[in-house]
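Visitor: Shown below is the structure under consideration.
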Amino acid sequence: MSPVPPSRRGACPAFLAPMETGDGLVLRLFPADGALTFAQLSGIAQAARVLGNGMMEVTARGSLQVRGLRAETVEPLRERIIALGVTPRLGHAIDLSPLSGLDPTEMADARPLARRIRDGISGLEERFGPKVSVVIDGGGAISLDGRKADVRLKARRGQGDAVWTVAVGGGPAVFGSGAEAAEHAVHALTRLAALGRRARSTDLPGCGDTTDAIDTPPAPPLGRIPLADTTFAFGIGLPFGAGEAALFAALAAAAETAGARDLRPAPERTLLATGLHATGVEAFAAAAEQLGCIVAPKDPRAFVAACPGAPACASAHFPARELAPQVASVLAPLLDGTVSVHLSACTKGCAHPAPTTLAFVGMDCGVALVHEGAPSKATGPARPVEQLVEELRALAATPRAAGETGRDLIRRIDAARLWARRDQMQSTIGT
Ligand code: SF4
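Per our numbering, the sequence shown starts with residue 1, numbered consecutively.
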């Protein structure tokens with residue numbers, strides 16, 4: 001049977017509107033204050049086992065997802081989550097660093113701006129499309145540069161207080177105080193709301209020049225991060241963003257035992273334990289590694305995103321997440337921090353909304369390659385999925401010039417063009 005077309009682009013599995021996928025409904029949760037207690041995370045994991053199919057995820061944007069729900073189990077799950085004392089973020093996506101207000105390196109606390117913007121667009125939410133998003137980057141240890149946004153606010157060091165820049169779609173950035181920046185963002189969002197639910201910021205006059213080009217991929221927040229109260233956060237990565245509910249429960253127990261204060265779903269498929277002292281950092285890192293999580297920034301798995309793929313998703317053309325460990329392993333020589341990889345089993349690109357260096361995209365005729373773009377840009381030609389791992393092994397073995405980064409090499413050999421011409425690829429990268 002052919003895969004079914006993905007649900008319409010622009011649809012996301014929100015807390016109040018779970019989305020249908022091949023393995024049932026997916027419910028997405030952002031805790032309103034960014035943090036979960038250990039009892040809350042382990043309670044959600046227990047509910048995911050009983051009410052879903054037991055799989056949980058942390059997404060590239062840092063939300064928690066429960067998979068495999070049925071229509072009749074959605075409401076019981078929501079009730080369990082509320083009963084655990086979790087306040088889900090409702091309304092529009094306004095993304096901040098999960099360490100806002102705790103991070104001594106941030107130039108400004110993004111939370112007051114988030115409140116102003118949320119208040120400013122109150123009542124308009126129904127008029128935005130579900131993917132319209134605002135990113136407020138206070139300039140701290142966790143960069144939000146790689147995150148797509150319709151409206152992006154970023155703190156810069158000023159003479160006294162931080163100065164904020166506001167960019168709407170591909171339009172020019174404007175500068176101002178926090179209050180001015182929030183007002184500018186609300187004004188842009190109000191204009192966007194007037195254009196209807198299908199509109200994105202690039203539809204606004206003067207804001208249409210966006211590009212998919214990426215610079216260095218965002219580094220996942222892995223390892224130890226000092227906090228303002230002299231404790232530490234420690235970031236661990238979920239391999240390819242997913243795990244059994246039991247893994248999440250075990251991580252909650254490990255963080256509690258290590259003396260952490262809470263756990264925070266974080267960007268690039270990570271979880272942060274906060275409030276750790278030095279000995280607790282070591283204990284939590286060791287426990288997470290033992291559980292198979294990513295604790296080292298150079299772990300090649302940290303640079304590979306993969307959607308569930310087949311058979312979990314009915315729209316999938318190949319088993320993306322099943323292949324991901326092999327792909328990360330064979331591409332390891334290229335994954336030096338300059339290269340990000342996305343295995344997307346169809347053109348929807350659920351696992352990584354932003355462009356990556358290499359996106360391998362499932363299509364009717366095989367796997368297409370998009371170089372420095374999003375899966376939606378895939379047009380083919382495609383290569384058989386059975387050959388994917390061996391082709392990538394050969395690509396990673398391409399001789400490198402001294403000092404050449406993985407990204408430079410991919411550009412030099414024009415991997416996308418070679419992907420389209422199999423014989424040439426074999427001979428070029430074999431020499
Ligand atoms: S990107 Fe993956 S998970 Fe998303 S709809 Fe396509 S196959 Fe399914």
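Even glycine gets a Cβ: it sits at the ideal position worked out from N, Cα and C.
Under 7 angstroms Cβ to Cβ from A351, same chain only, skipping five residues before and after it: list those, please.
Guide: Closer than 7 angstroms at the Cβ level, and outside the excluded window around A351, lie A60, G241, A305, A306, C307, H342 and S344.
Visitor: Around the C-beta of Q387, are 16 or more other C-beta atoms found within 10 angstroms, so that it is buried, or is it exposed?
Guide: Classification of Q387: exposed, given that the 10 Å Cβ count is below 16.
Visitor: Using the three-state DSSP reduction, which class does Q159 fall into: helix, strand or coil?
Guide: Q159 falls in the coil class under three-state DSSP.
Visitor: Taking 8 angstroms as the cut-off, is the beta-carbon of S63 closer than that to any non-hydrogen atom of the ligand SF4?
Guide: Incorrect: S63 has no Cβ contact closer than 8 angstroms to the ligand SF4.
Visitor: Got a sec, what are the start and stop residues for the alpha helix (DSSP H) H184 sits in?
Guide: Taken as a continuous stretch (DSSP letters only), the alpha helix (DSSP H) holding H184 covers G178 to A194.
Visitor: By Cβ distance below 6 angstroms, which residues in the same chain neighbour A278 in space, the five residues on each side in sequence not counted?
Guide: None.
Visitor: Quick one: what's F175 bridged to in DSSP?
Guide: T165.
Visitor: With a threshold of 16 other CB atoms inside 10 Å of the CB of F175, please say whether the residue is buried or exposed.
Guide: Per the 10 Å Cβ criterion, exposed.
Visitor: Using 8 angstroms as the cut-off, classify the Cβ of G171 as near or not near the heavy atoms of the ligand SF4, replying yes or no.
Guide: G171 Cβ: outside cutoff for every heavy atom of the ligand SF4.
Visitor: Could you give the residue range of the alpha helix (DSSP H) that holds F248?
Guide: That run of the alpha helix (DSSP H) goes A245 to T257.
Visitor: Taking the straight line between their C-alpha atoms, what separation do you get for T37 and G85?
Guide: Each residue's Cα considered, the two are about 9 angstroms apart.
Visitor: Is there at least one non-hydrogen atom of the ligand SF4 closer than 8 angstroms to the beta-carbon of C365?
Guide: Outside the cutoff, so no.
Visitor: Among C293, D203 and A149, which residue has its Cα nearest to the Cα of E57?
Guide: Comparing Cα-Cα distances from E57 to each of C293, D203 and A149, the minimum goes to C293.
Visitor: Name the one or two DSSP bridge partners that G52 has.
Guide: Answer is none; G52 lacks a bridge partner.
Visitor: Relative to the C-alpha of H39, which residue among A254, G406 and K348 is closest?
Guide: The sequence given here has Ala at residue 39, not His. The candidate whose alpha carbon is nearest that of A39 is A254.
Visitor: List the residues that DSSP assigns as beta-bridge partners of L294.
Guide: At residue 294 the sequence reads Ile, which differs from the Leu that was named. Bridge partners of I294: G237.
Visitor: Tell me whether K298 is buried or exposed, calling it buried when 16 or more other Cβ atoms sit within 10 Å of its Cβ.
Guide: By the 10 Å Cβ count, K298 comes out exposed.
Visitor: Does DSSP put K377 in a helix, in a strand, or in coil?
Guide: DSSP places K377 in helix when its eight states are reduced to three.
Visitor: Measuring straight from C-alpha to C-alpha, what distance separates L16 and P88?
Guide: Using only the alpha carbons, I get a separation of about 10 angstroms.
Visitor: Under 6 angstroms Cβ to Cβ from P319, same chain only, skipping five residues before and after it: list those, please.
Guide: So the list reads G309 and A310, once near-sequence residues are dropped.
Visitor: For a quick check, are the C-beta atoms of R115 and S100 less than 9 angstroms apart?
Guide: Not closer than 9 angstroms, so no.
Visitor: On the three-state DSSP scale, how would you describe E404?
Guide: Three-state DSSP puts E404 in coil, outside helix and strand.
Visitor: Which stretch, first to last residue, makes up the beta strand (DSSP E) that contains G223?
Guide: It spans G223 to P226 - the beta strand (DSSP E) in which G223 sits, taken as one unbroken run.
Visitor: Measuring only from the beta carbon, is T59 closer than 8 angstroms to any heavy atom that is part of the ligand SF4?
Guide: It does not: the Cβ of T59 is nowhere closer than 8 angstroms to a heavy atom of the ligand SF4.
Visitor: Could you name the residues that DSSP lists as bridge partners for L96?
Guide: According to DSSP, L96 bridges with nothing at all.
Visitor: Under 8 angstroms: does the beta carbon of A3 sit that close to some heavy atom of the ligand SF4?
Guide: Note on residue identity: the sequence assigns Pro, not Ala, to residue 3. Result yes, Cβ under 8 angstroms from the ligand SF4.
Visitor: Leaving aside the five residues before and after A416 along the sequence, list all residues of the same chain whose C-beta is less than 8 angstroms from its C-beta, in chain order.
Guide: Taken in chain order, the residues that qualify are L369, V370 and H371.
Visitor: In terms of residue numbering, what span does the alpha helix (DSSP H) encompassing G120 cover?
Guide: Where G120 is concerned, the enclosing alpha helix (DSSP H) stretches over R111 to G120.
Visitor: Skipping 5 residues on each side, what residues in its chain have a beta carbon closer than 8 angstroms to that of W164?
Guide: Closer than 8 angstroms at the Cβ level, and outside the excluded window around W164, lie A108, L113, L153, K154, A155, R156, F175, G176, S177, G178, E180 and A181.
Visitor: Tell me whether the region 64-82 and the region 41-52 touch, counting them as touching only if at least three CB pairs, one residue from each stretch, are closer than 8 angstroms.
Guide: Yes, the region 64-82 touches the region 41-52.
Visitor: Looking at R80: is its Cβ nearer than 9 angstroms to the Cβ of L51?
Guide: Yes, the pair counts as a contact, with Cβ atoms nearer than the cut-off.
Visitor: Any chance the region 331-340 sits against the region 373-382, with 3 or more Cβ pairs inside 8 angstroms?
Guide: Touching, no.
Visitor: What would DSSP say about T279, mapped onto helix, strand or coil?
Guide: In the structure shown, T279 sits in a helix (DSSP, three-state: H, G or I).
Visitor: Start and end of the alpha helix (DSSP H) containing E391?
Guide: Note, E391: alpha helix (DSSP H), L388 to A396.
Visitor: Any heavy atom of the ligand SF4 closer than 8 angstroms to the beta-carbon of K348?
Guide: Checking the Cβ of K348 against the ligand SF4 gives yes.
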